[in-house]
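Report on the structure given below.
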Amino acid sequence: MKNTDNRQKAAVISLENTDGYLILLPDQTITKADASKLKAFLTDFRNIDQNPNMKKGDQGTWKQNDPAFSLARIYAYINTYNELVLLDFAPFEKLFEGTSSKYISIREYAERHGKSIEQVKVFCQQGRIRGAMKINSRAWGVPEDAPYPEDSRLTANGKYVGRRNKSR
C-alpha cells in the first residue's frame, strides 16, 4: 500500500525575491540552508528529528498551512513517514560539484554489469557499492563509474568457498 500522507515534517524551499534556500525544520523553525544542512537533509532524513543541526532555526517559525509559504517553491520535503520526496535537485547540486561521478539508477547499473537489480539493491543497502546513496524510500543513485563489488565467497580459482564439488 502506498503512503498518501504528504504533510511536511521538514522542507527545502525558496521564497520569491530572496536569494538562497531555506529549510523548514521539524521543530517548526526556519534556517538558512548551508551545505552541511542540505547534506544532512538529503542523507539523514530518517533521523532528522534527532539531528541537533536541524533544530532551533534562526529565521523565524513556520506552520503547516501558513499562507506566507503558499508562494514558496518546494524543492524537497520529508513527510510524516520520514520519507524524502525530492521534487527538484537544484539546491543539492553544489554538494556534488567536483565529483567526477554522474549518478545513475540501480536498474541502469545492474544492466551495465550484467547483474540483477535486486542484487545491486542489496549491495547498496550493505554499503558495498562505493558512493551509492538512497534518494528516497524506493530509489538509489549509484555513481556510474563505481566498480561492481567483488564476491568475497569466490576463491582465486573461481570456486565458491564452503561448497564442495560433488562429482557423480
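The sequence shown begins at 595 in the working numbering and counts up by one.
Even glycine gets a Cβ: it sits at the ideal position worked out from N, Cα and C.
For T625 and Y697, what's the separation of their Cα atoms in angstroms?
28 Å
Excluding the 5 residues preceding and the 5 following L680 in the sequence, name in chain order all residues of the same chain whose CB lies nearer than 7 Å to its CB.
A670, I729, N730
How long is the line joining the alpha carbons of K688 and K650, rounded to whole angstroms?
24 Å
Are the beta-carbon atoms of K603 and N673 separated by less than 8 Å?
yes
Compare the Cα-Cα distances from G725 to each of D628, K631, S699, D643 and report the closest residue.
S699
Suppose only complete runs of 4+ residues qualify. What are the alpha helix (DSSP H) ranges in the segment 620–676, listed by chain order?
629–637
Contact belief for K709 with Y742 at Cβ below 8 Å, rounded distance in angstroms
7 Å
Please confirm whether S699 has its beta-carbon closer than 8 Å to some beta-carbon of chain C.
Protein chains in the displayed structure number just one, and chain C is not present.
Quick one: grab the DSSP three-state call for I617.
strand
Among the residues of its own chain, which have a CB less than 6 Å from the CB of N597, if the five just before and after it don't count?
Bear in mind that the predicted position of N597 carries a pLDDT of just 45, short of 50, making it too unreliable to give a figure here.
Looking only at its chain, what residues have a beta carbon closer than 7 Å to the beta carbon of R701, apart from the 5 residues adjacent to it on each side?
I711
Here's the rule: buried if 16 or more other CB atoms are within 10 angstroms of the residue's CB, otherwise exposed. What is V716?
exposed
Simplified DSSP assignment, three categories, for A733
coil
Taking all protein chains shown into account, do 16 or more other C-beta atoms lie within 10 angstroms of the C-beta of K631, making it buried, or fewer, making it exposed?
buried
Opposing strand residues paired with K728 [DSSP bridges]
W734
From the DSSP secondary-structure annotation, give me the bridge partner or partners of I698.
V736
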